[in-house]
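What follows is a single structure, written as structure tokens, with notes after it.
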Amino acid sequence: GAFILGEKVGWRRWTAVICGFIGVLIVIDPNNLKFGFAFIYPLIAAIFITQRDTITRKFLNQYDSLQIVFITSLSVTIFFGFGIFLNYKPISLEIFIYIFLSAFFVTLGYYFSVLTIKTANISTTSPFRYTIIIFGIILGYFVFNEIPALNMILGSLIIMGSGIFIILRQKKIGIIK
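Note that the sequence shown covers residues -2 to 174 in the working numbering.
In structure tokens, the structure reads:
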């Protein structure tokens, strides 16, 4: 996104972004993943979200944030909704409520992501996207009793470190007050 938009990004910020991505790779441990739909769908989603952010930043004042959120939500629903037909099973009311709540909070997340992209450079905000992995690990621990592996803890620390570095660096050079 930063390349397409012509954002000026120094070597320190690039280093922090790359370190954050390395942290993500450490968390997901690609050596132990099986290639399939569960592997491909998140990659496709990441590509779409990156494109949405780039388009949002490029056409900053031409579209309202809610329009972008609606188009994003509709696109995700249509594209990823096809996955339900791969292994369809009827769902209970309880599961439907969970799906509804998930959709609500994801849409809210889209809204705040769009607002963030409208106010800050993509290269500044992108490392903070990685924090979703950290929250996923925490949620996994408290909701599913999953004990985080050492690679998850190490990768999370790297992700947090890169984000903190970017914040401190942006403050130092006066981009953030």
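We put the beta carbon where it would ideally sit given N, CA and C, even for glycine. Treat the numbers as computed from the prediction; the structure is a model and nothing was measured.
Euclidean distance between Cα positions of residue i and residue j
| i | j | result |
| --- | --- | --- |
| Ile94 | Phe102 | 12 Å |
| Asn58 | Thr113 | 14 Å |
| Thr12 | Ile163 | 10 Å |
| Lys55 | Lys169 | 27 Å |
| Ile96 | Ile44 | 23 Å |
| Thr74 | Gly80 | 10 Å |
| Asn84 | Ile46 | 25 Å |
| Leu151 | Val14 | 16 Å |
| Leu22 | Arg9 | 20 Å |
| Phe132 | Phe67 | 25 Å |
| Ala100 | Gln167 | 33 Å |
| Met149 | Ile41 | 22 Å |
| Gly20 | Ile129 | 12 Å |
| Leu147 | Ser153 | 10 Å |
| Leu98 | Ile161 | 30 Å |
Contacts around residue i, its chain only, beta-carbon distance under 7 Å, and the 5 residues preceding and following it disregarded
| i | result |
| --- | --- |
| Gly137 | Glu143 |
| Pro145 | Ile134 and Tyr138 |
| Thr122 | Thr113 and Ile114 |
| Phe141 | none |
Contacting residues, own chain, Cβ-Cβ under 6 Å from residue i (five flanking each side not counted)
| i | result |
| --- | --- |
| Ser70 | Thr104 |
Buried versus exposed call for residue i [16 or more other C-beta atoms within 10 Å across all chains shown]
| i | result |
| --- | --- |
| Ser72 | exposed |
| Ser159 | buried |
| Gly7 | exposed |
| Gly106 | exposed |
Same chain, Cβ closer than 8 Å to residue i, five either side skipped, listed in chain order
| i | result |
| --- | --- |
| Ser62 | Tyr108, Val111, Leu112 and Lys115 |
| Thr53 | Tyr60, Ile65, Val111, Ile114 and Lys115 |
Report the residue ranges of all alpha helix (DSSP H) runs contained in full by the segment 78 to 141; include only those spanning at least 4 residues, in chain order. 90 to 116, 119 to 126 and 128 to 141
Check whether the segment 78 to 92 touches the segment 11 to 28, taking contact to mean three or more Cβ pairs, one atom from each stretch, closer than 8 Å. no
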